[in-house]
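Q:
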Amino acid sequence: MALGKDKDLKMYYSIKEVAKELGVTETTLRYWENVFPQVKPYKGANGVRRYTKEDIKTLRTVYHLVKERGLTLAGAKQQFKHGGVKESAETTSEVIDRLKAVKEELLALKEQLDLI
């Protein structure tokens, strides 16, 4: 999870933090919450959503299925019903995140080498 080392100790994340992490809007997260019953953020007395790490993993899976694999929301919902997709999508999502981090590091190294 790329939310930052100091944030790894947190129990809950705001909708703003999760939206930024996934690169989607807060409205999209609220919509996905209605479509996928697996996403159940804690809501305080004032209605403010607080997402757990498990909620974020589920949302990453939804993101992967919809944005990266190109499934419709109905198709993604079907994938959840068949089970096992969450683990494979999480693994794929984690690999993609690691590859993006490696790419960023390589680009930073290239920039340094270009200065020499």
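Mapping of the sequence shown onto numbering that gives the first Met the number 0: position 65 corresponds to residue 64, and the numbering continues sequentially without gaps.
Just so it is clear, CB atoms sit at the ideal spot from N, CA and C, and this is done for glycine as well.
(1) Identify the continuous alpha helix (DSSP H) that holds Arg29 and give its terminal residues.
(2) For Met0, which three-state DSSP category applies?
(3) So what does Lys42 bridge to, in DSSP terms?
(4) Report all residues from its chain with a CB closer than 8 Å to the CB of Thr71; omit the five preceding and five following residues, and keep chain order.
(5) Where does Tyr11 fall in DSSP's three states?
(6) Tell me which same chain residues have a C-beta within less than 8 Å of the C-beta of Asn33, skipping the five on either side of it?
(7) Can you tell me whether Arg68 is buried or exposed? The criterion is at least 16 other CB atoms within 10 Å of its CB, across all chains shown.
(8) Suppose you measure from the CA of Val17 to the CA of Tyr41; what does that come to, to the nearest Å?
(9) Ignore the nearest five residues each way along the sequence and tell me which others in Ile115's own chain have a CB closer than 7 Å to its CB.
(10) For a quick check, are the C-beta atoms of Thr57 and Gln37 less than 8 Å apart?
(11) Report, in whole angstroms, the separation of the C-beta atoms of Ile14 and Arg48, which I expect to be a contact under 8 Å.
A: On the basis of the supplied data:
(1) Glu25 to Val34
(2) Any reading at Met0 is ruled out, since the residue's pLDDT is 46, under 50, leaving its predicted position unreliable.
(3) Per DSSP, Arg48.
(4) Val65.
(5) coil
(6) none
(7) By the 16-neighbour rule on beta-carbons within 10 angstroms, Arg68 is exposed.
(8) Rounded to the nearest whole angstrom, the CA to CA distance from Val17 to Tyr41 is 13 Å.
(9) none
(10) yes
(11) 5 Å
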